[in-house]
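Protein chains: 2
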Amino acid sequence: MLTTSLPGSRNIYAMPTIKDVAKAARCSTATVSRTLASPEKVTEATRERVSRAIAEVGYAPNVAARNLRRAESKTIVALLPDISNPFFSEIINGMEEVAHQAGYQVLIGDCEHDPARAEAYFRLLPTNQADGVLLLTAEVPVSLVQQASAQTNFPLVMACEFFADIDLPTITIDNYQAARHAIDYLVSLGHRRIVTLSGPAANPICIERVRGYHDTLAAHGLSDAIHVAEGDFGFRSGYLQGLTLLAPSNTRPTAIFCHSDEMAIGVLKAARQLDIPVPEKLSVIGFDNIGFSEYCEPELTTISQPRTQIGQQAMRLLISLIKNEPAVRHQTLSTQLIVRQSTGKIQS
Amino acid sequence: MLTTSLPGSRNIYAMPTIKDVAKAARCSTATVSRTLASPEKVTEATRERVSRAIAEVGYAPNVAARNLRRAESKTIVALLPDISNPFFSEIINGMEEVAHQAGYQVLIGDCEHDPARAEAYFRLLPTNQADGVLLLTAEVPVSLVQQASAQTNFPLVMACEFFADIDLPTITIDNYQAARHAIDYLVSLGHRRIVTLSGPAANPICIERVRGYHDTLAAHGLSDAIHVAEGDFGFRSGYLQGLTLLAPSNTRPTAIFCHSDEMAIGVLKAARQLDIPVPEKLSVIGFDNIGFSEYCEPELTTISQPRTQIGQQAMRLLISLIKNEPAVRHQTLSTQLIVRQSTGKIQS
DNA sequence: CTGAAAGCGCTTACAG
DNA sequence: CTGAAAGCGCTTACAG
Numbered sequence: 001m002l003t004t005s006l007p008g009s010r011n012i013y014a015m016p017t018i019k020d021v022a023k024a025a026r027c028s029t030a031t032v033s034r035t036l037a038s039p040e041k042v043t044e045a046t047r048e049r050v051s052r053a054i055a056e057v058g059y060a061p062n063v064a065a066r067n068l069r070r071a072e073s074k075t076i077v078a079l080l081p082d083i084s085n086p087f088f089s090e091i092i093n094g095m096e097e098v099a100h101q102a103g104y105q106v107l108i109g110d111c112e113h114d115p116a117r118a119e120a121y122f123r124l125l126p127t128n129q130a131d132g133v134l135l136l137t138a139e140v141p142v143s144l145v146q147q148a149s150a151q152t153n154f155p156l157v158m159a160c161e162f163f164a165d166i167d168l169p170t171i172t173i174d175n176y177q178a179a180r181h182a183i184d185y186l187v188s189l190g191h192r193r194i195v196t197l198s199g200p201a202a203n204p205i206c207i208e209r210v211r212g213y214h215d216t217l218a219a220h221g222l223s224d225a226i227h228v229a230e231g232d233f234g235f236r237s238g239y240l241q242g243l244t245l246l247a248p249s250n251t252r253p254t255a256i257f258c259h260s261d262e263m264a265i266g267v268l269k270a271a272r273q274l275d276i277p278v279p280e281k282l283s284v285i286g287f288d289n290i291g292f293s294e295y296c297e298p299e300l301t302t303i304s305q306p307r308t309q310i311g312q313q314a315m316r317l318l319i320s321l322i323k324n325e326p327a328v329r330h331q332t333l334s335t336q337l338i339v340r341q342s343t344g345k346i347q348s
Numbered sequence: 001m002l003t004t005s006l007p008g009s010r011n012i013y014a015m016p017t018i019k020d021v022a023k024a025a026r027c028s029t030a031t032v033s034r035t036l037a038s039p040e041k042v043t044e045a046t047r048e049r050v051s052r053a054i055a056e057v058g059y060a061p062n063v064a065a066r067n068l069r070r071a072e073s074k075t076i077v078a079l080l081p082d083i084s085n086p087f088f089s090e091i092i093n094g095m096e097e098v099a100h101q102a103g104y105q106v107l108i109g110d111c112e113h114d115p116a117r118a119e120a121y122f123r124l125l126p127t128n129q130a131d132g133v134l135l136l137t138a139e140v141p142v143s144l145v146q147q148a149s150a151q152t153n154f155p156l157v158m159a160c161e162f163f164a165d166i167d168l169p170t171i172t173i174d175n176y177q178a179a180r181h182a183i184d185y186l187v188s189l190g191h192r193r194i195v196t197l198s199g200p201a202a203n204p205i206c207i208e209r210v211r212g213y214h215d216t217l218a219a220h221g222l223s224d225a226i227h228v229a230e231g232d233f234g235f236r237s238g239y240l241q242g243l244t245l246l247a248p249s250n251t252r253p254t255a256i257f258c259h260s261d262e263m264a265i266g267v268l269k270a271a272r273q274l275d276i277p278v279p280e281k282l283s284v285i286g287f288d289n290i291g292f293s294e295y296c297e298p299e300l301t302t303i304s305q306p307r308t309q310i311g312q313q314a315m316r317l318l319i320s321l322i323k324n325e326p327a328v329r330h331q332t333l334s335t336q337l338i339v340r341q342s343t344g345k346i347q348s
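Protein chains in written order, with the UniProt record's numbering: chain Y, 1 to 348; chain D, 1 to 348.
Spelled out as structure tokens, the structure:
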């Protein structure tokens with residue numbers, strides 16, 4: 001073992017480098033490098049000698065050096081609005097699966113709904129710490145995204161969410177149709193007073209879902225009953241809005257379409273507290289089909305998104321962009337209405 | 001803008017480097033570097049000239065180059081057993097807060113209960129891609145941990161979990177006392193047939209909790225009633241074990257102490273299905289106080305861990321180790337029994 | 001306080 | 001197929 005002379009290093013012993021391997025294999029560092037990067041360019045004899053030498057000295061390539069030389073980081077930043085939202089875990093699994101297979105790492109950037117955080121993560125690209133950004137939130141400074149999307153060397157893909165006025169490569173679901181499907185179902189059960197509990201009103205996916213809600217009611221001649229309340233996707237906002245929406249009144253809704261399962265579960269709690277039986281007197285539909293939706297009382301009717309697939313496809317698309325390969329810039333994946341016990345026929 | 005000559009680079013335009021700044025500021029690259037790293041070593045005039053030049057050319061330091069030179073990565077790997085467990089989100093927040101403040105990034109390594117994954121993440125250290133590992137799972141190859149802990153240049157901290165026979169720097173709670181507390185409480189409510197629904201039996205924290213359960217029952221002369229079932233911390237295993245444990249019989253338990261909230265919520269579903277009213281005929285205690293525990297029916301009595309604090313302290317400890325600063329190698333943080341509606345006096 | 005120079009550990013175009 | 005050499009973009013001990 002060599003002692004390192006690099007001041008400031010916390011290691012007392014230096015790791016073996018490619019030079020040590022070259023010496024042990026009695027070849028040049030170029031050959032060692034080639035053996036690792038493109039073994040087919042090297043004779044089998046050399047390959048074996050180098051492999052043995054690598055094992056012998058305990059060599060592991062210094063990735064910082066490789067990254068510097070290759071001007072890449074093999075790292076993808078995935079920006080989430082909030083890591084505590086269980087909706088994202090399967091998407092993350094999907095992304096990581098594809099990324100790892102392609103030799104990329106995924107750095108998860110939890111923005112905690114703070115655009116400043118997002119900005120800090122964007123800066124990883126110009127500093128060579130990331131090769132691309134996978135946006136799973138629209139809560140980022142729009143100017144930043146516009147800038148990035150205008151650059152040719154800023155690979156950026158959006159999944160789940162989108163911007164109404166920036167044409168980013170996107171993997172998404174059809175939020176409009178999903179909402180229509182949910183509302184059609186409620187109407188078919190006999191509901192006439194259907195409220196939407198939306199996520200943040202400015203959020204494009206919520207706007208799409210509200211539009212689907214609008215149009216479906218209109219199609220059924222129920223435009224007078226349109227009522228949209230706003231939450232933040234979380235349990236608590238669902239509970240609080242539930243208490244308000246379900247307060248005793250002649251026009252109490254008989255059904256609530258929620259833009260997230262967490263909000264729907266909050267509404268269920270409010271209904272319980274107000275002694276409103278679900279689904280007898282109130283139907284509730286959620287969105288996302290998180291694991292918890294099967295364990296709440298009653299089990300939640302909800303719209304399922306192909307989360308693993310969203311993660312996989314978004315990552316595939318991003319990697320294609322990074323490699324300058326041709327790719328389909330937009331994909332819309334399908335959703336499914338999962339009927340459980342929180343919805344039922346209207347009982348007047 | 002210069003065109004880059006680096007083959008294989010996907011950028012058409014090279015980013016400005018420290019040389020460009022030096023030229024614009026009419027000084028050496030050393031001075032630019034110093035202005036950035038230790039401004040106090042540079043006159044104010046120079047500092048200003050350099051700052052202007054940086055803004056002018058749009059310079060951002062290439063972190064891969066810095067990392068190579070400094071032999072550090074400013075990255076921490078945090079290994080989780082399973083990112084979909086909501087227990088970890090606040091811990092992650094706590095870790096990231098401290099890490100970011102100290103200039104470190106956190107790479108979250110989701111091991112998906114697969115030791116091979118953990119091994120891949122461990123390899124980030126010798127390849128200079130990470131400066132330390134924060135272990136939040138014991139599901140890693142023990143030999144790897146032993147090796148790592150024997151090395152002086154492998155900063156490693158464990159949080160939440162621990163190994164019975166490896167003395168790692170650790171931030172943890174007192175699982176034994178937490179269990180005693182829960183069981184004492186159930187006994188005080190009149191329960192005599194108390195079952196523990198444990199996590200994986202080999203898991204040291206579960207062993208500690210089971211020990212607390214044992215000792216408390218013994219202290220109350222209830223050793224005959226000891227019964228431990230095993231789950232995997234998830235909803236489904238709680239539900240399935242609940243169906244088994246609660247099947248009609250004279251010795252059906254009147255209380256179940258679960259090693260996770262998810263399992264407790266699964267048990268609640270099983271009880272509902274079997275028409276066993278909670279808490280009238282069955283008390284259930286969870287562990288962790290995840291957000292969902294307030295929204296299930298009935299609201300869950302559970303043991304709360306200071307999750308944010310665990311994340312913060314673990315990261316502080318790890319960074320101290322990386323910097324070779326003195327640090328307290330073991331900390332035990334306190335827990336709290338949160339009584340809600342899933343527990344009550346025994347009604348025979 | 002500042003600059004010239006060496007060097008971190010790789011990779012790759014070029015020549016043989 | 002292989003090697004010598006240049007260079008990726010920084011940082012820092014050394015000298016002035």
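Heads up, the beta-carbon is just placed ideally off N, CA and C, and yes, glycines get one too.
Inset, instruction - Can you pull the chain Y residues whose beta carbon is under 9 Å from the beta carbon of residue 265 of chain D, in chain order? - result: 292, 295, 296
Inset, instruction - Flag this pair as touching only if the stretch 249-256 of chain D and the stretch 267-282 of chain Y have three or more C-beta atom pairs under 8 Å; answer yes or no. - result: no
Legend entry - Element boundaries [beta strand (DSSP E), containing residue 15 of chain D]: Neither: residue 15 of chain D is in no beta strand (DSSP E) and is coded neither H nor E.
Inset, instruction - Let me know if residue 129 of chain D comes out buried or exposed under the rule of 16 or more other beta-carbons within 10 Å of its beta-carbon. - result: buried
Legend entry - Environment of residue 316 of chain Y [buried if 16+ CB atoms lie within 10 Å]: buried
Legend entry - chain D within 8 Å of residue 126 of chain Y, Cβ atoms only: Closer than 8 Å: yes.
Inset, instruction - Measure the alpha-carbon distance for residue 25 of chain Y versus residue 17 of chain Y and round it to whole angstroms. - result: 13 Å
Inset, instruction - Could you tell me if residue 164 of chain Y is buried or exposed, where buried requires 16 or more neighbouring beta carbons within 10 angstroms of its beta carbon? - result: exposed
Inset, instruction - Locate the alpha helix (DSSP H) running through residue 97 of chain Y, then write down its first and last residues. - result: Looking at the DSSP string, the run of the alpha helix (DSSP H) that includes residue 97 of chain Y is 87-101.
Inset, instruction - Figure out for me which residue from Y/236, Y/68, Y/166 has the closest Cα to the Cα of residue 260 of chain Y. - result: Y/236
Inset, instruction - Anything in the stretch 63-90 of chain Y with a Cβ closer than 8 Å to a Cβ of chain D? List those residues in chain order, please. - result: Against chain D - using a Cβ distance shorter than 8 Å - the residues of the stretch 63-90 of chain Y are 63, 64, 65, 67, 68, 70, 71, 72, 73, 83, 84, 86, 89, 90.
Legend entry - Same chain, Cβ closer than 8 Å to residue 168 of chain Y, neighbours up to 5 away in sequence not counted: Once the five neighbours on either side are set aside, the close Cβ partners of residue 168 of chain Y are 135, 145, 149, 156, 157, 158, 162.
Inset, instruction - Tell me, please, which residues DSSP counts as bridged to residue 195 of chain D. - result: D/256
Inset, instruction - Determine whether the Cβ of residue 5 of chain Y lies closer than 8 Å to any Cβ atom of chain D. - result: Its pLDDT being 31, under 50, residue 5 of chain Y is placed unreliably in this model, and the coordinates cannot settle the point.
Legend entry - Alpha-carbon to alpha-carbon, residue 292 of chain Y and residue 268 of chain D: 13 Å
Inset, instruction - Specify whether the stretch 58-73 of chain D and the stretch 40-47 of chain D touch according to this definition: at least 3 beta carbon pairs, one from each stretch, less than 8 Å apart. - result: Per the Cβ contact rule, the stretch 58-73 of chain D is not in contact with the stretch 40-47 of chain D (fewer than 3 Cβ pairs under 8 Å).
Legend entry - For residue 68 of chain Y and residue 122 of chain D, the rounded distance between their alpha carbons: Annotation: residue 122 of chain D to residue 68 of chain Y spans about 22 Å, alpha carbon to alpha carbon.
Inset, instruction - Just the C-alpha distance for residue 310 of chain Y and residue 205 of chain D, rounded to the nearest angstrom, thanks. - result: 36 Å
Inset, instruction - Have a look at residue 186 of chain Y and residue 343 of chain Y and give me their C-alpha separation to the nearest angstrom. - result: Their backbone Cα atoms lie some 8 Å apart in a straight line.
Legend entry - Neighbour flag for residue 272 of chain Y against chain D, beta carbons, 8 Å: yes
Inset, instruction - Using the Cα positions of residue 90 of chain D and residue 308 of chain D, report the straight-line distance between them to the nearest angstrom. - result: Spanning the two alpha carbons is a distance of roughly 5 Å.
Inset, instruction - Pull up the distance between the alpha-carbon of residue 432 of chain Y and that of residue 83 of chain Y, whole angstroms please. - result: Because chain Y is modelled from 1 through 348, residue 432 of chain Y falls outside the range shown and cannot be assessed.
Legend entry - Identified DSSP bridge partners for residue 171 of chain D: D/159, D/331
Inset, instruction - Return no unless some Cβ of chain D is closer than 8 Å to the Cβ of residue 379 of chain Y. - result: The first residue shown for chain Y is 1 and the last is 348, placing residue 379 of chain Y beyond what the model contains.
Inset, instruction - Taking all protein chains shown into account, decide if residue 191 of chain D is buried (16 or more other Cβ within 10 angstroms of its Cβ) or exposed. - result: buried
Inset, instruction - Hey, could you find the ends of the beta strand (DSSP E) residue 245 of chain Y is sitting in? - result: Premise fails: residue 245 of chain Y lies in the alpha helix (DSSP H), 235-245, not in any beta strand (DSSP E).
Inset, instruction - For residue 158 of chain D, go through chain Y and note every residue whose CB falls closer than 8 Å to its CB, in chain order. - result: None at all; the shortest Cβ gap to chain Y is about 20 Å.
Legend entry - Three CB pairs or more closer than 8 Å across the stretch 72-81 of chain D and the stretch 100-116 of chain D: With contact defined as three or more Cβ pairs closer than 8 Å, the stretch 72-81 of chain D and the stretch 100-116 of chain D are in contact.
Legend entry - CB contact flag (residue 194 of chain D, residue 183 of chain D, <8 Å): yes
Inset, instruction - Taking residue 132 of chain D as part of the beta strand (DSSP E), name the residues at either end of that continuous run. - result: Residues 132-135.
Legend entry - 7 Å Cβ shell around residue 137 of chain Y - same chain, five flanking residues per side excluded: 79, 80, 81, 111, 161
Legend entry - Reduced DSSP category for residue 63 of chain D - H, G, I as helix; E, B as strand; rest coil: helix
Inset, instruction - Helix, strand or coil for residue 310 of chain Y, going by three-state DSSP, please let me know. - result: helix
Legend entry - As assigned by DSSP and simplified to three states, the class of residue 105 of chain Y: strand
Legend entry - Continuous beta strand (DSSP E) assignments of at least 3 residues falling wholly in the stretch 272-317 of chain D: 283-288, 301-304
Legend entry - Limits of the unbroken alpha helix (DSSP H) element including residue 144 of chain Y: That run of the alpha helix (DSSP H) goes 142-150.
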